[in-house]
Structure formats: structure tokens, C-alpha cells
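Chains as they are written, first to last, in this note's numbering: chain A, -13 to 182; chain B, -13 to 182.
Yeah, the Cβ is synthetic: ideal placement off N, Cα and C, and Gly gets one too.
Before any comments, here is the structure.
If you want it as C-alpha cells, here you go:
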């Protein structure tokens, strides 16, 4: 673990990861913190808890609140919000593409979250992902590379690492083994990275 | 619903309600907001979701994180934190006493949360509750009053009202029908109360 580095753990289906994805790069840069973008899958983590879908669907009161909370937070930050027809969406191919994008991952991630939560698009659709690659200025050839055994394994490994770090939701942040959960903890996590 | 009023919903077993209880009165007063303290029980709400205990016990990764998060937040705010042997504790009698305390509820609540989370005491024990009454300058005769049918019914009614407002966790805040969940949303809830 290098000094002034923060690992950003996110899942494409996660609403609150939209909030973080749209602001974390500027915030880290302003503090001179190196950011490592770490897509992972919450599905296996939820399944291990016996959940077959998002807790926001399993617990309707919590789900209703989450969408209202998102409305208020997006309005306060000047972020558009359009609730997609399907929630949670299958972010597997988006996550593989993000890994395949390498150094261009941040721009691609912002395009995917914007498509899903600002425009209500279906990010499991190939046509949506193609548009996101275009928005991020990336070649469509990444779609084939995203299906390579190396990329698939990298995403599995990353999810395993998330579990070993005690991650149970998204967005999460780690500085070494210190875990922070939720967009609400982004400032605290960045402060921690600065001091360690 | 009167202007500049905020309802504060809390459950005595809730760790994050400790954070809020210790600061909400000063924050509301500084903004000229009328605060209504509303103890309720999470037990029936959790039971309706099929939970037999706190989600922090049902989901160990989440529980470990919560205690670490509490450590960091308490340290940052200069609040002592001592993890009680039992979690969650049975806060039924504390909640009835809080209602019986009437206008002195805030001081009693701070004493109960301090006993539980700063000193690690068992708040289901009569001896602990007696000390809390003493700390708050209240008569021991409240213990009998707290077992009256009126107080018991008031707590049941309050829990029903919490459910009808969509409350699913503690601490929560409402301004009319607008719901805010978590100590992290206290500022936002107070700002909302000021504007409505």
C-alpha cells in the first residue's frame, strides 16, 4: 500500500456508487491522492447472505427511502437522476469492460453510471455499452477483450479481494485494511488516506 | 406539522442514535428548530422483515464495520465509546421511562445512551435505569409511572406512527412526511426543517 492512495470499490448496479463516481476523481486529485478504481460484484456477496436481489428490493421501506434520498442528494449536487425501469441492473459486462479499459476506466465508468441513472438506460444491453465506450472515446474492440479469460478472472479476483477486506456494500473505500462504506464516508476516507 | 419543527425518532438499542442524541438538542436550538423526541421500538419493524436480531448481528461483516465506524466517529467527536457485552440491548423499559419523563426526556435519554455506549452498562437492568434517572435529576417514582397502561400504549402508538411514516431504522428524522435516515442526515434534516 503506497502513501496517499485510496482504493475505490464500486458495483455498477449501485445507486450510491453513481454519486461517488461523479465526484471522486476531482476530490482525490485536489488532495494529491492516488486513486485505484476497483469494480467488483455485489451479487456473490449478497447471495452469501441469502439475498436474491438488492436489499432495496427485499425491504420495500428501505427501497422507497433510498430513491427519495437519491433524489435529494442528486438535486443538491446538480446531478440528473432518472430511475431505470429495472433495478438492480446486471453490471457484469460493464464491470468487465471497465477492467478492459485499463487507464481509461474512470471516463468509461462515468459514462456507464450516467447512462444508467441520469438517462435510465439498461447497462446490460450491448448497445448501451457501445455508446458508453464511444462517450469515453474508447474503441469497440474492448468488447471482445472484456470477454477474455484474463479479464473475467481479474473481476473474480477483485470480488474475492473485496470480500477479504470485509466489504459488504458499495461504494466502499479502503486505505490499506481500513474500510469506509458509503458515499457519505468519502471525505473521511480521503482524509484518512492523506494521513497514512 | 408546525413550521421549523423536527421529529427525532430513536431506539435505545441503536448505536448511531447515541451519536445523534448527544448532539441534536444543541444543533436544533442553534437553528431555532423545535425538536420532538420520539422514542420507538425497532423490534417489531425488524420482526416484520423476518429479522430476529439486529442486522449488525445477522450480517457479521456489516456488524464489524459498524463498530469500527462508531469508533472513528466517536473519536472524531470526542465521545467515549465502550462496547457493551450485549448487543442489541432491550430498550423497552428505557423507552417507556423516556415517555414518562415528559419534558425531561432529553436529559434522561442522554443519560441512558451514555450508560450504554460510553460505560458499557446494561440498560435493561433496573439499577442502570435508576442511575440514569438520578443523573437526569428525575424521581424514581417514574419507574412505576412508566409501567402504566397509558405509557405502554403511547409507546405502541409511537411505533405504529413510525411504521406509517416509512421508518425502518434509527435514528430517523421527519419533517411532516419527509423522512431522513441516519445520523449522517441530521444536518440535511435540520436544513429541511428550516425551509419548511
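Separation of residue 106 of chain A from residue 59 of chain B, as counted between CA atoms: In the second chain, the residue the question calls residue 59 of chain B occupies position 73. In the first chain, the residue the question calls residue 106 of chain A occupies position 120. If I take the Cα positions, the gap works out to 36 angstroms.
If you draw a straight line from the alpha carbon of residue 158 of chain B to that of residue 176 of chain B, how long is it in whole angstroms? Walking along the second chain from the start, residue 158 of chain B turns up at place 172. Walking along the second chain from the start, residue 176 of chain B turns up at place 190. Cα-Cα distance, rounded: 12 angstroms.
Nearest neighbour of residue 141 of chain A, chosen from A:64, A:30 and A:34 [CA to CA]: What you label residue 141 of chain A is simply residue 155 of the first chain in a count that begins at 1. Of the candidates A:64, A:30 and A:34, the one whose C-alpha sits nearest the C-alpha of residue 141 of chain A is A:30.
What are the start and end residues of the alpha helix (DSSP H) that includes residue 164 of chain A? On the first chain, residue 164 of chain A is found 178 positions in, with the first residue counted as 1. Element bounds for residue 164 of chain A: not the alpha helix (DSSP H) but the beta strand (DSSP E), 164 to 167.
Please list, in chain order, all residues of the same chain as residue 56 of chain B whose beta carbon is under 7 angstroms from its beta carbon, the five residues on each side excluded. Counted from its first residue, the second chain places residue 56 of chain B at position 70. Closer than 7 angstroms at Cβ, skipping near neighbours: 1 and 67.
Given a threshold of 16 other Cβ atoms within 10 Å of its Cβ, counted over all protein chains shown, does residue 171 of chain B qualify as buried or as exposed? Looking up residue 171 of chain B in the second chain gives position 185. Result: buried.
Let's test the definition: count the other Cβ atoms within 10 Å of the Cβ of residue 6 of chain A and tell me whether it reaches 16, buried, or not, exposed. Locating residue 6 of chain A in the first chain gives position 20, where the first residue counts as 1. Classification for residue 6 of chain A: buried.
Inter-residue Cα distance where the pair is residue 125 of chain A and residue 89 of chain A: As a position in the first chain, residue 125 of chain A is number 139, starting the count at 1. As a position in the first chain, residue 89 of chain A is number 103, starting the count at 1. Roughly 13 angstroms separates the two Cα atoms.
State the Cα-Cα distance for the pair residue 137 of chain B and residue 131 of chain B, rounded to the nearest angstrom. Position 151 of the second chain, counted from the first residue, corresponds to residue 137 of chain B. Position 145 of the second chain, counted from the first residue, corresponds to residue 131 of chain B. If I take the Cα positions, the gap works out to 8 angstroms.
Here's the rule: buried if 16 or more other CB atoms are within 10 angstroms of the residue's CB, otherwise exposed. What is residue 79 of chain B? On the second chain, residue 79 of chain B is found 93 positions in, with the first residue counted as 1. By the 10 Å Cβ count, residue 79 of chain B comes out buried.
Report the option in A:109, A:35, A:104 and A:82 whose CA atom is closest to the CA atom of residue 69 of chain A. Walking along the first chain from the start, residue 69 of chain A turns up at place 83. When only C-alpha atoms are compared, the closest one is A:104.
Are any of the Cβ atoms in chain A nearer than 8 angstroms to that of residue 154 of chain B? Along the second chain, one-based indexing puts residue 154 of chain B at 168. Closer than 8 angstroms: yes.
When the cut-off is 8 angstroms and only beta carbons count, does residue 167 of chain A lie next to chain B? Taking the first chain and counting its residues from 1, the one referred to as residue 167 of chain A is at position 181. Yes, its Cβ sits closer than 8 angstroms to a Cβ of chain B.
For residue 43 of chain A, which residues of its own chain have a beta-carbon under 8 angstroms away from its beta-carbon, when the five flanking residues on both sides are left out? For the purposes of this step, residue 43 of chain A is taken as residue 57 along the first chain, with counting starting at 1. Taken in chain order, the residues that qualify are 49, 73 and 74.
Please tell me whether residue 170 of chain B has its Cβ less than 8 angstroms away from any Cβ of chain A. Reading the second chain from its first residue, position 184 is the one you call residue 170 of chain B. Yes, residue 170 of chain B lies at the interface with chain A (some Cβ there is under 8 angstroms from its Cβ).
Going by other Cβ atoms of all chains shown within 10 Å of its Cβ, with 16 needed for buried, is residue 97 of chain B buried or exposed? The residue labelled residue 97 of chain B in the question sits at position 111 within the second chain. Under this definition residue 97 of chain B is a buried residue.
Per DSSP, what are the beta-bridge partners of residue -8 of chain A in this structure? Within the first chain, the letter at position 6 stands for residue -8 of chain A. Note: residue -8 of chain A sits in a beta bridge opposite A:21.
Extent of the continuous beta strand (DSSP E) run through residue 159 of chain B: In the second chain, counting from the first residue as 1, residue 159 of chain B sits at position 173. Unbroken beta strand (DSSP E) run through residue 159 of chain B: 158 to 161.
Can you confirm whether residue 35 of chain A, when its beta carbon is compared against all beta carbons of chain B, has any partner nearer than 8 angstroms? Here residue 35 of chain A is taken as the residue at index 49 of the first chain, counted from 1. So yes, residue 35 of chain A belongs to the interface.
Looking at chain B, is there any beta carbon in it that lies within less than 8 angstroms of the beta carbon of residue 17 of chain A? The residue given as residue 17 of chain A occupies position 31 in the first chain. So, not an interface residue.
Can you tell which of B:179, B:182, B:163 and B:150 has the C-alpha that lies nearest to the C-alpha of residue 26 of chain B? Counting from 1 along the second chain, the entry for residue 26 of chain B is found at position 40. Here the closest residue by C-alpha is B:150.
Between which two residues does the alpha helix (DSSP H) carrying residue 171 of chain A extend? Here the question's residue 171 of chain A lines up with position 185 in the first chain. Residue 171 of chain A -> no alpha helix (DSSP H), and no H or E assigned at all.
Closest Cβ-Cβ distance between residue 163 of chain B and chain A: below 8 angstroms? As a working note, residue 163 of chain B is residue 177 in the second chain. Not closer than 8 angstroms to any Cβ of chain A, the Cβ of residue 163 of chain B fails to qualify, so no.
Consider the Cβ of residue 137 of chain A: report whether some Cβ of chain B lies at a distance smaller than 8 angstroms. Residue numbering aside, residue 137 of chain A sits at position 151 when the first chain is read from its first letter. Not closer than 8 angstroms to any Cβ of chain B, the Cβ of residue 137 of chain A fails to qualify, so no.
Using the beta-carbon of each residue, which ones in chain A are nearer than 7 angstroms to residue 181 of chain B? Locating residue 181 of chain B in the second chain gives position 195, counting from the first residue. Chain A residues near residue 181 of chain B: none, gap ~12 angstroms exceeds 7 angstroms.
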